[in-house]
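So the sequence lines, in the order shown, correspond to chains A and B.
For the first sequence, counting from 1, position 67 maps to 67 in this note's numbering; every step adds exactly one.
For the second sequence, counting from 1, position 107 maps to 107 in this note's numbering; every step adds exactly one.
Beta carbons are placed, not taken as given, at the ideal position from N, Cα and C, and that holds for glycine.
Protein chains: 2
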Amino acid sequence: MQSESQTRGESGRLPAADLQDAWPALSDAERVEGFRLLDPEEAPDVFGELDAREQSALLLGFGRAERQIWMRQLPPDDAADLVQEAPEEWREELLSLLDEPTRKEVVALLAYAEDDAGGLMSPRYVRVRPDMRVDEAITYLRRQAQERVETIYYIYVQDAQQRLLGVVSFRELFAAPSDRLVRDVMSAEPVSVAEDLDQESVSQLFAQHDFVAMPVVDAEGRMKGIITVDDIVDVVQEEATEDIQKLGGTAALDAPYLDVGFLELVRKRGVWLSVLFLGELMTASAMAHYEDELARALILALFIPLVISSGGNSGSQASTLVIRAIAIGEVRLRDWWRVLRREIAMGLVLGGFLGTLGLVRILLWPGREEVYGPHYALLGVAVGVSLLGIVLWGAVAGAMLPFVLRRLGLDPATASAPFVATLVDVTGLMLYFNVASVVLRGTLL
Amino acid sequence: MQSESQTRGESGRLPAADLQDAWPALSDAERVEGFRLLDPEEAPDVFGELDAREQSALLLGFGRAERQIWMRQLPPDDAADLVQEAPEEWREELLSLLDEPTRKEVVALLAYAEDDAGGLMSPRYVRVRPDMRVDEAITYLRRQAQERVETIYYIYVQDAQQRLLGVVSFRELFAAPSDRLVRDVMSAEPVSVAEDLDQESVSQLFAQHDFVAMPVVDAEGRMKGIITVDDIVDVVQEEATEDIQKLGGTAALDAPYLDVGFLELVRKRGVWLSVLFLGELMTASAMAHYEDELARALILALFIPLVISSGGNSGSQASTLVIRAIAIGEVRLRDWWRVLRREIAMGLVLGGFLGTLGLVRILLWPGREEVYGPHYALLGVAVGVSLLGIVLWGAVAGAMLPFVLRRLGLDPATASAPFVATLVDVTGLMLYFNVASVVLRGTLL
Chain A
1 MQSESQTRGE
11 SGRLPAADLQ
21 DAWPALSDAE
31 RVEGFRLLDP
41 EEAPDVFGEL
51 DAREQSALLL
61 GFGRAERQIW
71 MRQLPPDDAA
81 DLVQEAPEEW
91 REELLSLLDE
101 PTRKEVVALL
111 AYAEDDAGGL
121 MSPRYVRVRP
131 DMRVDEAITY
141 LRRQAQERVE
151 TIYYIYVQDA
161 QQRLLGVVSF
171 RELFAAPSDR
181 LVRDVMSAEP
191 VSVAEDLDQE
201 SVSQLFAQHD
211 FVAMPVVDAE
221 GRMKGIITVD
231 DIVDVVQEEA
241 TEDIQKLGGT
251 AALDAPYLDV
261 GFLELVRKRG
271 VWLSVLFLGE
281 LMTASAMAHY
291 EDELARALIL
301 ALFIPLVISS
311 GGNSGSQAST
321 LVIRAIAIGE
331 VRLRDWWRVL
341 RREIAMGLVL
351 GGFLGTLGLV
361 RILLWPGREE
371 VYGPHYALLG
381 VAVGVSLLGI
391 VLWGAVAGAM
401 LPFVLRRLGL
411 DPATASAPFV
421 ATLVDVTGLM
431 LYFNVASVVL
441 RGTLL
Chain B
1 MQSESQTRGE
11 SGRLPAADLQ
21 DAWPALSDAE
31 RVEGFRLLDP
41 EEAPDVFGEL
51 DAREQSALLL
61 GFGRAERQIW
71 MRQLPPDDAA
81 DLVQEAPEEW
91 REELLSLLDE
101 PTRKEVVALL
111 AYAEDDAGGL
121 MSPRYVRVRP
131 DMRVDEAITY
141 LRRQAQERVE
151 TIYYIYVQDA
161 QQRLLGVVSF
171 RELFAAPSDR
181 LVRDVMSAEP
191 VSVAEDLDQE
201 SVSQLFAQHD
211 FVAMPVVDAE
221 GRMKGIITVD
231 DIVDVVQEEA
241 TEDIQKLGGT
251 AALDAPYLDV
261 GFLELVRKRG
271 VWLSVLFLGE
281 LMTASAMAHY
291 EDELARALIL
301 ALFIPLVISS
311 GGNSGSQAST
321 LVIRAIAIGE
331 VRLRDWWRVL
341 RREIAMGLVL
351 GGFLGTLGLV
361 RILLWPGREE
371 VYGPHYALLG
381 VAVGVSLLGI
391 VLWGAVAGAM
401 LPFVLRRLGL
411 DPATASAPFV
421 ATLVDVTGLM
431 LYFNVASVVL
441 RGTLL
């Protein structure tokens with residue numbers, strides 16, 4: 001009786017908004033508990049708005065009967081995502097909860113890599129034959145619309161071998177005279193995506209064409225499913241998040257910051273941090289190499305952080321801009337020469353400006369002779385020239401590194417701000433000491 | 001005659017794909033020229049796929065008649081975007097090219113800020129009254145579908161005062177029995193967005209709900225238009241690009257990298273670079289303050305770049321992760337305490353690891369006594385402890401700064417990797433020298 005009152009009673013219900021608000025702070029067990037307290041009218045919406053990872057964790061907290069109810073709420077593409085998020089040993093169990101035709105669809109979808117076009121698509125779309133009349137097609141669609149299909153916005157015209165012949169929007173079909181043939185109102189040769197296209201390229205196609213849905217075809221031109229634009233919003237968000245995390249010098253987290261396990265986060269940050277540390281260790285060796293110069297002109301040490309960090313900042317700007325421009329298709333591999341020319345000019349202007357600032361700072365500093373010694377003007381020149389050189393070098397290295405990585409088949413986003421800064425630090429030290437030994441020869445050095 | 005052969009002849013036509021391929025490298029004048037060489041069948045598609053900035057530049061290169069043809073191709077929301085991208089002095093002229101009803105719609109849209117919900121919406125949606133029968137509504141829609149409407153996927157139910165009562169998807173309406181009333185098949189109280197909601201929040205609603213379109217209402221609940229998800233893909237892309245550029249230490253470019261004018265790019269990078277430079281100047285002052293220690297133990301200088309850059313890298317990781325988590329709504333202001341605890345633990349683990357690496361590197365380095373002197377072990381301890389402290393400090397400062405900025409009403413993305421690195425550099429130097437003077441007192445110092 002108690003369970004009945006919990007299911008049907010009006011009191012003790014948790015408003016959906018309250019649960020959604022508290023959600024990020026709840027443990028898995030609390031989420032299961034909270035979800036069961038929802039109004040049964042609201043629960044399906046709340047469930048539908050969770051991402052695949054959260055749905056999967058929730059289901060594993062349920063008993064088998066409850067698990068089956070919710071598993072069967074999902075369209076095949078979402079069910080496939082959920083199964084993919086579940087631990088290996090649970091996948092068979094979850095699949096067995098589906099009815100037979102859906103299970104087959106989901107298993108077919110699981111064959112695709114998660115971030116390929118095939119992994120994003122739904123096999124439930126509406127299709128007609130080219131030789132149907134418009135009014136026949138509408139009647140036929142009306143029947144299909146009552147089943148579970150992803151969208152009836154676009155209708156795909158196929159031959160008997162499932163080859164995609166054309167597409168007609170529902171609106172066009174609806175506005176066409178009843179006795180025309182479908183083949184006469186459809187657009188032939190529609191834009192389609194290959195089933196193994198990666199999701200980043202798929203999202204660029206959507207951004208470019210403003211489609212609501214796109215058909216997915218295999219190598220023989222047979223239609224396998226559709227991708228709808230609402231899934232693309234998530235893809236674009238996800239890809240940007242991955243790029244941002246890499247740009248910050250971390251491996252992509254693949255989960256919300258607060259949900260990633262502590263040890264996994266340690267690993268994802270620690271690996272890059274250690275690599276960068278090993279790179280930075282070379283600065284200690286480089287400095288040791290210039291120890292004699294330092295001993296004679298200790299004053300040089302004062303400007304080391306200023307000089308190398310300015311190069312790092314300039315490199316961080318250039319690499320970030322170029323990486324993003326490559327990611328969204330604004331800049332292509334063959335544009336490297338235009339980018340290089342631009343960054344050389346940019347580095348000269350910005351470096352010239354910072355170099356002048358550095359020079360002026362030393363020339364006009366109150367008590368410059370006491371702090372920097374009698375040769376403060378030459379020191380200023382050495383710092384200024386080094387700044388010019390290192391800002392230029394940062395801009396050029398930061399801008400070219402993403403091209404080199406892409407050319408090697410690696411992810412340009414690996415050229416993160418910290419990575420470029422480390423690269424520039426080592427070379428920047430060498431530049432600084434060499435410039436100083438030329439400018440200050442015979443005076444300080 | 002020549003112009004006729006250029007317009008109608010089959011030869012001399014430029015394939016659309018070739019033009020689109022060359023597009024980024026072309027000047028405005030070349031784009032106009034290339035566009036005119038397109039097959040008239042292909043030109044409208046090419047035009048439609050340009051962004052508002054490119055469409056605007058193209059139109060300004062046309063004569064008035066040609067300009068009018070293309071201006072009238074655009075639905076009102078796209079026309080409003082185009083006008084917004086055009087130089088101030090051109091806007092009246094462009095508006096005058098539209099037919100009167102469209103001009104009124106566009107002027108109404110221009111009243112909204114470009115990145116508010118109102119600036120994204122289209123006023124052309126399909127609407128029905130609640131007391132229509134399903135079959136009446138379908139017939140009525142069939143008439144509306146022949147006019148220019150953005151989508152017929154969702155149908156909005158309004159009372160006589162344009163107040164939004166409910167929504168019904170076309171598919172639901174289509175699948176419903178003919179003699180039901182619209183009010184009985186519609187979903188009441190649909191999710192809607194306020195006309196002045198910012199576009200980042202709008203895109204989060206779309207990402208959360210998987211809608212294809214959402215209605216926009218004013219403060220009185222009157223419906224003003226709809227936002228469709230295909231425009232949201234662009235918004236998500238755009239917002240991520242802005243955040244990425246800020247994270248790299250540049251002002252947001254608001255245009256493709258290769259299209260931004262050189263001087264504008266100098267300004268957008270130079271301002272931040274100078275601010276960071278002024279911050280870094282404090283490192284020179286900090287170093288001057290420790291000149292005595294340096295003179296006595298020059299060896300300390302060798303590890304300065306290593307120590308401060310490790311803090312910068314750790315800070316860059318933490319700030320990037322937290323900024324992105326805040327931007328996509330995974331972490332909220334009130335989660336600061338959970339994030340702080342997490343980053344303290346993270347900083348201790350990562351800092352402990354790097355500190356140990358640094359210590360081991362010095363203890364085991366071949367020829368350590370010659371390079372680092374007899375007290376190399378103590379030096380190793382000083383470097384190791386400093387690394388622990390600075391990596392911890394980087395993680396905590398990097399993670400908390402975005403919260404502080406958001407709390408002050410500023411953009412968290414301002415806490416860019418270079419910004420955090422600069423902050424950590426100055427404090428890191430102080431930490432390093434203070435740790436060293438404690439550890440090495442009586443030996444080197």
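Taking the CB atoms as reference points, tell me whether A/Asp99 and B/Val229 lie closer together than 8 Å.
No, Cβ-Cβ distance for A/Asp99 and B/Val229 is not below 8 Å.
Distance check for A/Glu88 and A/Met1, CA to CA, integer angstroms please.
Here the model assigns A/Met1 a pLDDT of 36, short of 50, so the residue's position is not dependable and the matter cannot be decided.
Determine the extent of the alpha helix (DSSP H) in which B/Pro130 is found, giving its start and end residues.
No alpha helix (DSSP H) contains B/Pro130, which DSSP labels as neither H nor E.
Do you know how far the Cα of B/Leu60 is from the Cα of B/Asp51?
C-alpha separation (whole angstroms): 14 Å.
Is the beta carbon of B/Ala175 closer than 8 Å to that of A/Arg142?
Yes, they are a contact pair.
Going by C-alpha to C-alpha distance, which of B/Ala17, B/Trp23, B/Leu14, B/Pro15 sits closest to A/Val331?
The shortest Cα separation from A/Val331 among B/Ala17, B/Trp23, B/Leu14, B/Pro15 belongs to B/Trp23.
Measuring straight from C-alpha to C-alpha, what distance separates A/Val157 and A/Ser178?
Computed Cα separation, rounded: 17 Å.
Between the segment 189–218 of chain A and chain B, which residues of the former have a C-beta closer than 8 Å to a C-beta of the latter?
Answer in chain order: Ser203, Phe206, Ala207, Gln208, His209, Asp210, Phe211, Val212.
Roughly how many whole angstroms lie between the Cα atoms of B/Arg338 and B/Asp411?
Between B/Arg338 and B/Asp411, the C-alpha separation is close to 21 Å.
With a threshold of 8 Å on Cβ separation, who are the neighbours of A/Leu423 within its own chain once the five nearest residues in sequence on each side are excluded?
Cβ neighbours of A/Leu423 beyond the five flanking positions: Gly279, Gly315, Ala397, Leu401.
Kindly indicate which three-state DSSP category B/Thr102 falls into: helix, strand or coil?
Helix, per DSSP.
Pull up the DSSP beta-bridge partners for A/Gly225, would you.
DSSP lists A/Val216 as partners of A/Gly225.
According to the neighbour-count rule (16 or more other Cβ atoms, all chains shown, within 10 Å of its Cβ), is A/Leu364 buried or exposed?
When all chains shown are included, A/Leu364 counts as exposed.
Find out if the Cβ-Cβ distance for the pair B/Val381, B/Leu359 is shorter than 8 Å.
Yes, they are a contact pair.
Taking B/Tyr500 as the reference, give the member of B/Leu82, B/Asn434, B/Gln68 with the closest Cα.
Nothing about residue 500 of chain B can be reported from this structure: the residues present for chain B run from 1 to 445 only.
Take B/Leu95 as the anchor and find which of B/Leu181, B/Ser192, B/Arg67, B/Gly119 has the nearest alpha-carbon.
Minimum Cα distance to B/Leu95 is reached at B/Arg67.
Is there a C-beta anywhere in chain A that falls below 8 Å from the one on B/Met287?
With 8 Å as the cut-off, B/Met287 counts as an interface residue toward chain A.
May I ask you to report which of helix, strand or coil DSSP gives B/Arg334?
Of the three classes helix, strand and coil, the one that applies to B/Arg334 here is helix, per DSSP.
Given 7 Å as the limit, tell me if A/Thr422 has its C-beta closer than that to any heavy atom belonging to the ligand SAM.
For the ligand SAM, the structure offers nothing, since it holds no ligand at all.
For B/Pro130, tell me which candidate among B/Ile138, B/Leu97, B/Thr102, B/Leu165 has the shortest Cα-Cα distance.
Closest option to B/Pro130, Cα to Cα, is B/Leu165.
Short of 7 Å in beta carbon distance, which residues of its chain neighbour B/Ala288, apart from the five on each side in sequence? Order them along the chain.
If we look at B/Ala288 and ignore the five residues flanking it on each side, it has no Cβ neighbours.
Mind checking the segment 370–394 of chain A against chain B and listing, in chain order, the residues whose C-beta falls within less than 8 Å of any C-beta there?
Listed by position along the chain: Val371, Val391.
Whole angstroms are fine: how far does the CA of A/Val168 sit from the CA of A/Phe47?
Spanning the two alpha carbons is a distance of roughly 33 Å.
Can you tell me the Cα-Cα spacing of B/Leu302 and A/Ile344, whole angstroms?
Approximately 31 Å, taken between the alpha carbons.
Of all the CB atoms in chain A, is at least one closer than 8 Å to the CB of B/Pro418?
B/Pro418 counts as touching chain A.
Please list, in chain order, all residues of the same chain as A/Ala421 whose beta carbon is under 7 Å from its beta carbon, the five residues on each side excluded.
Correct list, in chain order: Gly312, Gly315, Ser316.
For A/Leu194, list the residues DSSP reports as bridge partners.
Just to set this straight, residue 194 of chain A is Ala in the shown sequence, not Leu. Note: A/Ala194 sits in a beta bridge opposite A/Val217.
By a C-beta neighbour count over all protein chains shown, 10 Å radius and 16 as the cutoff for buried, is B/Pro478 buried or exposed?
Nothing in the structure corresponds to residue 478 of chain B, since chain B is present only between 1 and 445.
Please state if the CB of B/Pro418 and the CB of A/Ala395 are separated by a distance shorter than 8 Å.
No; because the gap between Cβ atoms is not below 8 Å, this pair is not in contact.
Taking all protein chains shown into account, do 16 or more other C-beta atoms lie within 10 angstroms of the C-beta of B/Gly442, making it buried, or fewer, making it exposed?
Exposed: under 16 other Cβ atoms inside 10 Å.
What are the residues that DSSP puts in a beta bridge with B/Ser169?
DSSP, once it has assigned bridges, lists B/Tyr154 as partnering B/Ser169.
If you draw a straight line from the alpha carbon of B/Arg324 to that of B/Ala415, how long is it in whole angstroms?
Approximately 11 Å, taken between the alpha carbons.
Below 8 Å CB to CB, which residues in the same chain sit around A/Tyr140 once its five sequence neighbours on both sides are set aside?
Taken in chain order, the residues that qualify are Val128, Met132.
Name, going along the chain, the residues of the segment 235–248 of chain A whose beta-carbon falls closer than 8 Å to a beta-carbon of chain B.
Listed by position along the chain: Val236, Gln237, Ala240, Thr241, Asp243, Ile244, Gln245, Leu247, Gly248.
Using the Cα positions of A/Leu357 and B/Thr320, report the straight-line distance between them to the nearest angstrom.
Rounded to whole angstroms, A/Leu357 to B/Thr320 spans 29 Å at the Cα level.
Should A/Pro15 be labelled buried (16 or more other beta-carbon atoms within 10 Å of its own) or exposed?
So A/Pro15 counts as exposed.
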